[in-house]
Amino acid sequence: MAEKSSTTTAAARGAPGSTNPRGIPVAPFVDRVEDYVSSRAEVESTLKSFQEMIGKYQFMEISTQKRALGLKEKIPDIAKTAETVKFLKTREPGSDPIETTFELNDTLYTKASIPPTDEVYLWLGANVMLAYPIDEALELLQGRLSAARQNLANCEEDLDFLREQITTLEVATARVYNWDVTQRRKDKSEAEAAGETKDEKDEDDKS
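1 is the number of the first residue of the sequence shown in our numbering; add one for each residue after it.
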């Protein structure tokens, strides 16, 4: 976990225009507001741009969370199927059939008698089922299990990355907003000082 966190942090602080390994862009890190805003006239458009980026990151975060949830539900099923195929592989020809309970759907089961076999049927999705020799089926399932676990790890890393980008933009928004407030006060103070100077000059002229 420490290594993943370090990698994510390094990516999150990368150069402008860089991305993480899945192509998610790095958010701009505002160290000096003057690098992004040259005048108060640009503040509104800059803040709007940051809010749009935050919205995009939040959308990606929700999509990634859904994908991770789907993988978490899928992985145990693939692992369970792989273990079943491993068990069938150990069955010797001529062995007695196995009496078991077969799941037809989430709430319906039936009893089944399974003789030794050298092939199994696997659902491939989209209502497609194919027969595979046991060795090929096991290789396919193990490959899918490995890929699903890697995809889940990528999703979790992306979620950490996305949250860091959202935080970075929230900090950037606060810095630009505070800079604008400071500039407003500065402009007001300068205007008041200029007004006082004008009044003093007018008084001098009258005297």
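All residues carry an ideal CB built from backbone N, CA and C; glycine is no exception.
Next item on the list: Use the C-beta contact count for T64: other C-beta atoms within 10 angstroms, 16 or more gives buried, fewer gives exposed.
Entry: buried
Next item on the list: Report the option in L140, L152, E136 whose CA atom is closest to the CA atom of L69.
Entry: L152
Checklist line | Start-end ranges of the alpha helix (DSSP H) lying completely within the region 97–179, minimum 4 residues | finding: none
Notebook entry, point to check: Roughly how many angstroms lie between the CA atoms of T7 and F59, to the nearest whole one?
Noted result: Unreliable positioning characterises T7 in this predicted model, as indicated by a pLDDT of 43, which lies under 50. A coordinate reading is not provided.
Item checked: Beta-carbon gap between N154 and R22 smaller than 8 Å -> yes
Next item on the list: Under 7 Å Cβ to Cβ from F50, same chain only, skipping five residues before and after it: list those, please.
Entry: L169, A172, T173
Checklist line | Reduced DSSP category for T90 - H, G, I as helix; E, B as strand; rest coil | finding: coil
Item checked: Under the three-state DSSP convention, the category P76 falls into -> helix
Checklist line | Option nearest T167 by Cα separation, candidates F87, K48, A27, T101 | finding: A27
Notebook entry, point to check: Rounded to a whole number of angstroms, what is the C-alpha to C-alpha distance between L122 and D96?
Noted result: 23 Å
Checklist line | Cα-Cα separation between E42 and R67, rounded to whole angstroms | finding: 38 Å
Check: Since A131 and K74 are thought to touch, with beta carbons under 8 Å apart, how far apart are those beta carbons, to the nearest angstrom?
Finding: Not really, about 22 Å apart at Cβ, beyond 8 Å.
Next item on the list: State buried or exposed for E3, treating a residue as buried only when at least 16 other CB atoms are found within 10 Å of its CB.
Entry: Caution applies to E3, whose pLDDT of 43 falls short of 50 and renders its modelled position unreliable; the model cannot decide the point.
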